[in-house]
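In mature numbering (1 follows the signal peptide of the UniProt record, and there is no 0), the protein residues as written are -20 to -1, 1 to 326.
Only one structure is covered here, and it is reproduced in the block below.
In structure tokens form, the structure reads like this:
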């Protein structure tokens, strides 16, 4: 088997039916109102309106839903309701949620996203006769397969978009933000005693406005790492490896008076393996990115550059490595994969 292989490197700076479902964090009886803390971050002076100036790492949570009491003994899909409650606004910043590869700004109002997790009606499930007589009302359509609860994983991110650049020293009034609520398809349950998981984030007022920034460069300049052609036999003998580098350079002018750091990550929406250190190429091969022979964890930020100590330029050397996935056959043919190098200022 021989094939051409490329790695592409990108650079980016209503009221509804109540009591339809109960949803908890982690499992039955778990928290229904959870607040996570956002670390402080910064806005570079080079940012432009419309830029996403900060994006969190992945939030991966486990959601458990049961007690479907929907009308007419119907099954119910769990919905993730984005921006479930009015959030504070800011002249300069726009909050948002990234969910399943889509971005939802708070300014867009309430969004209902189907998780495709179907929960059977509890009243129907409690009556074996009704179950036998009404299989069409079940999620599975099969009287022998009843699902009165669902446990599933949800992955999302919070981001901050720039409306306009605030003056240095500006402190936002933003603090706690309700990202989403898990509920039925009819809308959100606003009752004070609702057992519907709300996920909030706090600390959004810890935003520093910088008077400078940094530029980023990728080598090779094409942002393409070409693995060339190789055979399965060659790959079994040794991984295929190619080098690339990233360089950050601090703005060097009289206006730059503040120090800052850059956090970076290699981001992908593709399936991951080996503790999220390998990208599944879906052909029996996996891709790793290494720094000094240490595999990088995809979708997790790491300290990339420290410009608080007088340094003006930081270069980091990486290598992209392709190797077989143990126990899987290698599928011949060309392939390509893309990972995005994202940075946050702090």
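Ideal Cβ placement from N, Cα and C applies to all residues, glycine included.
Find the nearest neighbour of residue i within the set the options, judged by alpha-carbon distance.
{"i": "residue 142", "options": "73, 321, 294 and 11", "result": "73"}
{"i": "residue 154", "options": "102, 70 and 244", "result": "70"}
{"i": "residue 310", "options": "214, 293 and 200", "result": "214"}
{"i": "residue 304", "options": "212, 272 and 248", "result": "212"}
{"i": "residue 405", "options": "94, 95, 96 and 67", "result": "There is simply no residue 405 to check, as the chain begins at -20 and stops at 326 in what is shown."}
{"i": "residue 287", "options": "297, 296 and 242", "result": "242"}
{"i": "residue 20", "options": "200, 183 and 314", "result": "183"}
{"i": "residue 96", "options": "193, 86, 133 and 198", "result": "133"}
{"i": "residue 198", "options": "85, 295 and 86", "result": "295"}
{"i": "residue 308", "options": "173, 261 and 218", "result": "261"}
{"i": "residue 314", "options": "159, 219, 129 and 208", "result": "208"}
Tell me whether the beta-carbon of residue i lies closer than 7 Å to the beta-carbon of residue j.
{"i": "residue 156", "j": "residue 180", "result": "yes"}
{"i": "residue 259", "j": "residue 270", "result": "no"}
{"i": "residue 44", "j": "residue 4", "result": "yes"}
{"i": "residue 163", "j": "residue 59", "result": "yes"}
{"i": "residue 256", "j": "residue 278", "result": "yes"}
{"i": "residue 98", "j": "residue 57", "result": "yes"}
{"i": "residue 12", "j": "residue 170", "result": "no"}
{"i": "residue 136", "j": "residue 79", "result": "yes"}
{"i": "residue 1", "j": "residue 48", "result": "yes"}
{"i": "residue 22", "j": "residue 240", "result": "yes"}
{"i": "residue 293", "j": "residue 229", "result": "yes"}
Which value, in whole angstroms, describes the spacing of the CA atoms of residue i and residue j?
{"i": "residue 352", "j": "residue 210", "result": "Here the chain comprises residues numbered -20 to 326, so residue 352 is not present and cannot be evaluated."}
{"i": "residue 46", "j": "residue 302", "result": "43 Å"}
{"i": "residue 306", "j": "residue 254", "result": "11 Å"}
{"i": "residue 35", "j": "residue 151", "result": "19 Å"}
{"i": "residue 274", "j": "residue 106", "result": "54 Å"}
{"i": "residue 263", "j": "residue 204", "result": "20 Å"}
{"i": "residue -4", "j": "residue 178", "result": "Reliability of the predicted coordinates at residue -4 is poor, the pLDDT of 42 falling under 50, and the value obtained from them is presented with this limitation in mind. Rounded to the nearest angstrom, the two C-alpha atoms are 17 Å apart."}
{"i": "residue 316", "j": "residue 265", "result": "11 Å"}
{"i": "residue 226", "j": "residue 63", "result": "36 Å"}
{"i": "residue 322", "j": "residue 75", "result": "18 Å"}
{"i": "residue 144", "j": "residue 187", "result": "14 Å"}
{"i": "residue 139", "j": "residue 124", "result": "44 Å"}
{"i": "residue -11", "j": "residue 299", "result": "Residue placement at residue -11 is flagged as unreliable, the pLDDT there being 49, under the threshold of 50; the coordinate-derived value follows with that caveat. Spanning the two alpha carbons is a distance of roughly 15 Å."}
{"i": "residue 250", "j": "residue 108", "result": "42 Å"}
{"i": "residue 32", "j": "residue 102", "result": "43 Å"}
{"i": "residue 82", "j": "residue 165", "result": "19 Å"}
{"i": "residue 55", "j": "residue 9", "result": "21 Å"}
{"i": "residue 224", "j": "residue 202", "result": "11 Å"}
{"i": "residue 244", "j": "residue 222", "result": "20 Å"}
{"i": "residue 185", "j": "residue 276", "result": "30 Å"}
{"i": "residue 200", "j": "residue 193", "result": "23 Å"}
{"i": "residue 84", "j": "residue 50", "result": "28 Å"}
{"i": "residue 173", "j": "residue 30", "result": "38 Å"}
{"i": "residue 158", "j": "residue 272", "result": "40 Å"}
Can you say whether residue i is buried or exposed, counting buried as having 16 or more other CB atoms within 10 angstroms of its CB?
{"i": "residue 319", "result": "buried"}
{"i": "residue 404", "result": "Limits of the chain in this structure are -20 at one end and 326 at the other, which puts residue 404 out of reach."}
{"i": "residue 232", "result": "exposed"}
{"i": "residue 17", "result": "exposed"}
{"i": "residue 122", "result": "exposed"}
{"i": "residue 289", "result": "exposed"}
{"i": "residue 28", "result": "exposed"}
{"i": "residue 297", "result": "exposed"}
Leaving out five residues on either side along the sequence, give the residues of the same chain with a beta carbon under 6 Å from the beta carbon of residue i.
{"i": "residue 127", "result": "100 and 119"}
{"i": "residue 37", "result": "280 and 281"}
{"i": "residue 168", "result": "61, 64 and 161"}
{"i": "residue 146", "result": "72 and 189"}
{"i": "residue -7", "result": "Confidence at residue -7 is low in this model, with a pLDDT of 36, below 50, so its placement is unreliable and the value that follows should be read with caution. Hits under 6 Å: 167."}
{"i": "residue 248", "result": "259, 278 and 319"}
Near residue i, what residues of its chain come up, given a Cβ to Cβ distance below 7 Å and the 5 sequence neighbours on each side ignored?
{"i": "residue 191", "result": "25, 148, 235, 236, 237 and 238"}
{"i": "residue 104", "result": "53, 110, 111, 114 and 117"}
{"i": "residue 86", "result": "63, 67, 74, 75 and 76"}
Whose C-beta lies closer than 8 Å to the C-beta of residue i among residues of the same chain, with five residues either side of it excluded?
{"i": "residue 7", "result": "42, 44 and 131"}
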